[in-house]
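The structure appears right after this line, and notes come after that.
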Amino acid sequence: MSATTKIAVHSLSDLKNTTDDALPNYLHSLKFKQIHTQTDIRLVFGYVAVAIAGALFYFDWKFGWEASKPYTAPAVVAYFLLNGAFSYWLWFVEKGVVYEGEGKTGRVRISSHTKKHIPIYECDVVFTPTGTSLAQTVHIRAPMTRWFTADGFFTAKPFQQWLASEVPVIGAADPNNVVEEIGRGSGADIGAAPGQNQFTVNSENAAEILEHLKASGANITGATGGSGRRRKA
């Protein structure tokens with residue numbers, strides 16, 4: 003999302019939608035590959051329902067009411083069942099999912115929501131570190147004023163730092179954006195030099211690493227091999 007895109011800062015929907023759009027852009031830049039399975043299933047429900055309605059309309063228009071009459075009731079029932087399934091899927095299965103994807107450090111699924119008149123971005127994050135099948139869940143929240151300027155411009159860096167600092171699999175993929183004051187400390191993890199702390203994110207220690215780094219502010223070598231430095235939010 004470009005910092006030159008201006009929105010109405012008093013519009014909660016604009017704030018949330020712009021933030022939602024920025025989320026996949028950021029994760030794609032970290033080489034996460036988006037998984038579209040749930041979206042595809044939702045689209046199937048919608049397209050099949052529309053196809054049934056369209057087919058019935060065409061049959062009635064082509065052959066008349068008497069010919070299409072025996073098929074009308076079953077088609078209407080099928081249409082409403084599919085729309086019911088569509089609504090159920092949208093509200094109880096997807097539940098506000100804005101991104102689901104997988105990268106070298108693990109798999110992540112992020113659902114976002116806001117409360118009425120409160121410009122706080124809240125996310126339920128389900129993540130599975132690479133090498134394990136055990137999923138973990140974390141709830142994160144932050145005021146959207148952190149990454150929007152007073153005149154309505156989105157700035158990507160604070161948003162990226164927030165995500166990297168709060169979600170272990172994202173922070174492991176982008177250690178340079180991990181900020182101690184936000185969450186995890188100054189850097190992720192692999193290939194630490196002798197005498198430095200070294201952490202590997204997995205299903206058992208992700209939460210522990212999060213708290214340890216927050217408390218210690220350890221100087222840790224990033225994934226690129228450079229020395230991590232403490233950053234200010």
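3 is the number of the first residue of the sequence shown in the working numbering; add one for each residue after it. Backbone N, C-alpha and C fix where the C-beta goes; we use that ideal spot for every residue, glycine too. Given the structure is predicted, the values throughout are model-derived calculations rather than measurements.
Practice task
Output the boundary residues of the beta strand (DSSP E) element that contains Phe-129.
Solution key: 120-131
Handout entry: Neighbourhood of Asn-179 by C-beta, 6 Å cutoff - its chain only, sequence neighbours within 5 removed
Key = Gln-162, Gln-163, Ala-166
Handout entry: In chain order, each alpha helix (DSSP H) run of at least 4 residues that lies wholly inside the region 38-78
Key = 39-65
Practice task
Report the rounded CA-to-CA distance for Asp-23 versus Ala-75, giving the unit in angstroms.
Solution key: 41 Å
Handout entry: Assigned exposure category for Ile-120 - 16 Cβ within 10 Å defines buried
Key = exposed
Problem - For Thr-116, the three-state DSSP class (helix, strand or coil) - result: strand
Practice task
Measure the alpha-carbon distance for Leu-25 versus Ile-172 and round it to whole angstroms.
Solution key: 11 Å
Problem - Candidates Val-100, Gly-105, Tyr-123, of which the one nearest Ser-113 by Cα - result: Val-100
Handout entry: Sequence-distant residues of the same chain with beta carbon closer than 6 Å to Leu-58, five excluded per side
Key = Ala-77
Handout entry: Residues near Tyr-2 in its chain [Cβ-Cβ closer than 8 Å; skip 5 each side]
Key = In the structure as shown, the chain begins at 3 and stops at 235. Residue 2 is therefore absent and cannot be evaluated.
Problem - Among Leu-84, Gly-66, Glu-168, Thr-21, the one whose alpha carbon lies nearest that of His-115 - result: Thr-21
Practice task
Grab me the residues of Ala-152's own chain with a C-beta within less than 8 Å of its C-beta, minus the 5 sequence neighbours each way, in chain order.
Solution key: Val-11
Exercise for the section: Return helix, strand or coil for His-141, following the three-state DSSP convention. Expected result: strand
Practice task
Identify whether Glu-182 lies in helix, strand or coil by the three-state DSSP scheme.
Solution key: coil
Problem - Per DSSP, the bridge partner or partners of Gly-173 - result: Note: Gly-173 sits in no beta bridge, so no partner.
Practice task
Leaving aside the five residues before and after Trp-149 along the sequence, list all residues of the same chain whose C-beta is less than 7 Å from its C-beta, in chain order.
Solution key: Phe-156, Thr-157, Pro-160, Phe-161
Practice task
Under the assumption that Trp-93 contacts Phe-47 (Cβ atoms under 8 Å), give the Cβ distance between them as a whole number of angstroms.
Solution key: Not a contact, Cβ separation roughly 13 Å.
Problem - Proximity of Phe-129 and Gly-98 at Cβ, strictly below 9 Å - result: no
Exercise for the section: Kindly list the residues whose CB is nearer than 6 Å to the CB of Lys-8, restricted to its own chain and excluding five residues on each side of it in sequence; keep chain order. Expected result: Gly-154, Phe-155
Problem - Inter-residue spacing [alpha-carbon to alpha-carbon] between Arg-111 and Val-127 - result: 6 Å
Problem - For Phe-156, the residue or residues it bridges with in DSSP - result: Phe-150
Practice task
Indicate whether Ser-70 and Phe-61 have their beta-carbon atoms separated by less than 9 Å.
Solution key: yes
Practice task
Starting from Tyr-81, follow its DSSP beta bridges and name the residues at the other end.
Solution key: Tyr-81 pairs with nothing; no bridge assigned.
Exercise for the section: Measure the CB-CB distance between Val-79 and Gln-40 and report whether it falls below 9 Å. Expected result: no
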